[in-house]
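Residue numbers (the numbering used here): 2 to 304.
Just so you know, even glycine gets a beta-carbon here, dropped at the ideal spot from N, CA and C.
These numbers were taken from a predicted model, which means no experiment stands behind them.
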Amino acid sequence: MTAMTSTSPQTPPAASLHTPVIGWFEQHARDLPWRRPEAGAWGVMVSEFMLQQTPVSRVLPVYEQWLARWPRPADLAAEAPGEAVRAWGRLGYPRRALRLHGAAQAIAERHGGDVPSEHAQLLALPGIGEYTAAAVASFAYGQRHAVLDTNVRRVFARAATGIQYPPNATTAAERKLARALLPEEDERAARWAAATMELGALVCTARNEDCDRCPIASRCAWRLAGKPAYEGPPRKAQTYAGTDRQVRGRLLAVLRDALNPVSQAALDAVWEEPVQRARALDGLVADGLVEPLADGRYRLPLT
């Protein structure tokens, strides 16, 4: 597989990409609630947690309900973590709800209830990794950071490196390239981060990319090379039906819908295979998503 490097002769000059991509974004960006000024840094942070591995269409209704109930981090921090899990609904990967609740508590305790603007302070919050810290600093505060989600990585892999897909895990070479492609001005760099993400989501998609709509098609290294097929390690395929994830989801659904603790029998009814069901329930308990009680019943966590 071709190495991802900013010194490749195929890589177009960064400045030649900025204007067409940002110009395209100005015309075609979706009107999403977390992009509006009134969303604030907390709205941006909530959206970033929810959008991880989850499409916008599924996030929108949950996001709106979440911000209506908890418009500030302190509002969420004052609730039991189980309420965050309940409100998370069927977004999937519910540990994100616990992480967001933990981040809200830290924001309330350490930063007076305001989402910090410094990248290092964001990164120090529980549940916040490099990507989320960079995204919040960029999208909420207009700072200059390389924001590398799956969509951006795919755009850079194709446009700058000439390969169809990026590696399964983000590499140091990708981070170096992303920094090299950043505009110098903070505000323009933040716009570039949002624009490249949107380009990957709407045009330079994983399948059926629409090069006719791409503002940098004439400069894209992958397209100019004839769109060579991907030759790297097999790409991870996500499955759901019959997996422990599906069982966990069904168990959590029962607990979310219940106002009181739930009996073992009620949980047993959601999945016939007892070994897998027990394993899924044990995993939920270990992850802090479910709290077992002394009388054999279960509930969403209170602490």
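Query raised in the report: Thinking just about the alpha-carbon of each residue, which of LEU290, ALA196, GLU27, ASN209 is nearest to the one in LEU101?
Result: Indexing the sequence shown from 1 puts residue 101 at position 100. Of the listed residues, the one whose Cα sits closest to LEU101 is LEU290.
Query raised in the report: For VAL263, which beta-bridge partners are listed by DSSP?
Result: Here residue 263 refers to the residue found at position 262 of the sequence shown. Beta-bridge pairing links VAL263 to TYR299.
Query raised in the report: According to the neighbour-count rule (16 or more other Cβ atoms, all chains shown, within 10 Å of its Cβ), is LEU303 buried or exposed?
Result: Along the sequence shown, read from residue 1 onward, the residue named residue 303 stands at position 302. Under this definition LEU303 is an exposed residue.
Query raised in the report: In the structure shown, what three-state DSSP assignment does PRO21 receive?
Result: If you number the sequence shown from 1, residue 21 lands on position 20. Correct three-state label for PRO21: helix.
Requested in this report: Could you spell out the range, first to last residue, of the alpha helix (DSSP H) harbouring GLN277?
Outcome: Within the sequence shown, numbered from 1, the residue matching residue 277 stands at position 276. First-last of the alpha helix (DSSP H) with GLN277: 275–287.
Query raised in the report: Is the region 173–190 touching the region 145–152, taking contact as three or more C-beta pairs under 8 Å?
Result: yes
Query raised in the report: Where do the ends of the alpha helix (DSSP H) carrying ILE108 lie?
Result: Numbered from 1 along the sequence shown, position 107 holds the residue referred to as residue 108. Start and end: 96–111.
Query - Paired residues, beta bridge with GLU292 - DSSP - result: One-based indexing of the sequence shown puts residue 292 at position 291. In the DSSP output, where bridge partners are listed per residue, GLU292 has ARG300.
Query raised in the report: In whole angstroms, what separates the C-alpha of THR171 from that of ALA85?
Result: Taking the sequence shown and counting its residues from 1, the one referred to as residue 171 is at position 170. Taking the sequence shown and counting its residues from 1, the one referred to as residue 85 is at position 84. Those two C-alpha atoms are separated by around 29 Å.
**Report entry** Supposed contact pair ARG214 and VAL204 - C-beta distance, whole angstroms, cut 8 Å
**Finding:** In the sequence shown, the residue the question calls residue 204 occupies position 203. In the sequence shown, the residue the question calls residue 214 occupies position 213. Yes, VAL204 and ARG214 are in contact; Cβ-Cβ is about 5 Å, under 8 Å.
Query - Within 7 Å, strictly: CB atoms of ALA173 and VAL22 - result: Reading the sequence shown from its first residue, position 172 is the one you call residue 173. Reading the sequence shown from its first residue, position 21 is the one you call residue 22. No; because the gap between Cβ atoms is not below 7 Å, this pair is not in contact.
Requested in this report: Tell me where the alpha helix (DSSP H) around ASP258 begins and ends.
Outcome: One-based indexing of the sequence shown puts residue 258 at position 257. Residues 245–258.
**Report entry** Secondary structure of LYS177, DSSP reduced to three states
**Finding:** Working through the sequence shown from its first residue, we reach residue 177 at position 176. The answer is helix: DSSP assigns LYS177 an H, G or I state.
Query raised in the report: Using the C-alpha atoms, what's the distance from GLN28 back to PRO34?
Result: For the purposes of this step, residue 34 is taken as the residue at position 33 of the sequence shown. For the purposes of this step, residue 28 is taken as the residue at position 27 of the sequence shown. Cα to Cα, the separation comes out at about 17 Å.
Report task. Write down the C-beta distance between ASP245 and ARG189 rounded to the nearest angstrom, noting that I regard them as a contact closer than 8 Å. Result -> By one-based count along the sequence shown, residue 245 stands at place 244. By one-based count along the sequence shown, residue 189 stands at place 188. About 45 Å separates the two Cβ atoms, so there is no contact after all.
Query raised in the report: What residue does the alpha helix (DSSP H) around GLN122 start on, and which one ends it?
Result: Taking the first residue of the sequence shown as position 1, residue 122 is located at position 121. That run of the alpha helix (DSSP H) goes 120–124.
Query raised in the report: Out of curiosity, what's the CA-to-CA distance linking ASP258 and ARG251?
Result: For the purposes of this step, residue 258 is taken as the residue at position 257 of the sequence shown. For the purposes of this step, residue 251 is taken as the residue at position 250 of the sequence shown. So the alpha carbons of these two residues sit roughly 11 Å apart.
Query raised in the report: When the Cα of VAL60 is compared with those of LEU92, PRO38, ILE108, ALA134, which residue comes out closest?
Result: Along the sequence shown, one-based indexing puts residue 60 at 59. Closest option to VAL60, Cα to Cα, is LEU92.
Requested in this report: Look at the Cβ atom of TYR231, then the Cβ atom of GLN144, and state whether they are nearer than 7 Å.
Outcome: Position 230 of the sequence shown, counted from the start, is the residue given in the question as residue 231. Position 143 of the sequence shown, counted from the start, is the residue given in the question as residue 144. No, these two residues do not count as a Cβ contact at 7 Å.
Query - Residue closest to GLY243, alpha-carbon to alpha-carbon, out of GLN265, VAL276, ASP211, ASP115 - result: Looking up residue 243 in the sequence shown gives position 242. Comparing Cα positions, the closest option is VAL276.
Report task. Please work out which residues of its chain come closer than 6 Å, Cβ to Cβ, to ALA226, disregarding the five sequence neighbours upstream and downstream, and give them in chain order. Result -> In the sequence shown, residue 226 corresponds to position 225, counting from 1. Only GLY163 meet the Cβ criterion.
Requested in this report: Taking 7 Å as the cut-off, decide whether the C-beta atoms of TRP43 and VAL153 are in contact.
Outcome: For this step, residue 43 is matched to residue 42 along the sequence shown. For this step, residue 153 is matched to residue 152 along the sequence shown. Their beta carbons are not under 7 Å apart, which means TRP43 does not touch VAL153 by this criterion.
Report task. Apply the 10 Å Cβ neighbour rule to GLU199 and answer buried if 16 or more other Cβ atoms are within range, or exposed otherwise. Result -> Start at 1 with the first residue of the sequence shown, and residue 199 comes out as number 198. Buried: at least 16 other Cβ atoms inside 10 Å.
**Report entry** Exposure of LEU282, with buried meaning 16 or more beta-carbon neighbours within 10 Å
**Finding:** Start at 1 with the first residue of the sequence shown, and residue 282 comes out as number 281. With 16 or more Cβ atoms within 10 Å of its Cβ, LEU282 is classed as buried.
Report task. Could you check which residue in ARG31, LEU253, PRO82 has the C-alpha nearest to that of GLY103? Result -> Taking the first residue of the sequence shown as 1, we reach residue 103 at position 102. If we check each option's Cα against that of GLY103, PRO82 comes out closest.
Query raised in the report: If LEU124 and ALA136 are in contact, beta carbons under 8 Å, what's the gap, nearest whole angstrom?
Result: Counting from 1 along the sequence shown, the entry for residue 124 is found at position 123. Counting from 1 along the sequence shown, the entry for residue 136 is found at position 135. Not a contact, Cβ separation roughly 12 Å.
Query raised in the report: Looking at C-alpha atoms only, which residue of ARG224, ALA40, THR55, ARG37 is the closest neighbour of ARG314?
Result: Residue 314 cannot be examined here, being either before or after the span of the chain that is shown, 2 to 304.
Query raised in the report: In this structure, does DSSP put VAL63 in helix, strand or coil?
Result: One-based indexing of the sequence shown puts residue 63 at position 62. Three-state DSSP puts VAL63 in a helix.
Query raised in the report: If you run the structure through DSSP and keep just helix, strand and coil, what is THR8?
Result: In the sequence shown, the residue the question calls residue 8 occupies position 7. Reliability of the predicted coordinates at THR8 is poor, the pLDDT of 39 falling under 50, and no value is obtained from them.
Query raised in the report: By how many angstroms is the C-alpha of GLY201 removed from the C-alpha of ALA78?
Result: Reading the sequence shown from its first residue, position 77 is the one you call residue 78. Reading the sequence shown from its first residue, position 200 is the one you call residue 201. Each residue's Cα considered, the two are about 34 Å apart.
**Report entry** Opening and closing residue of the alpha helix (DSSP H) in which TYR1 lies
**Finding:** In the structure as shown, the chain starts at 2 and stops at 304, and residue 1 therefore has no counterpart that could be examined.
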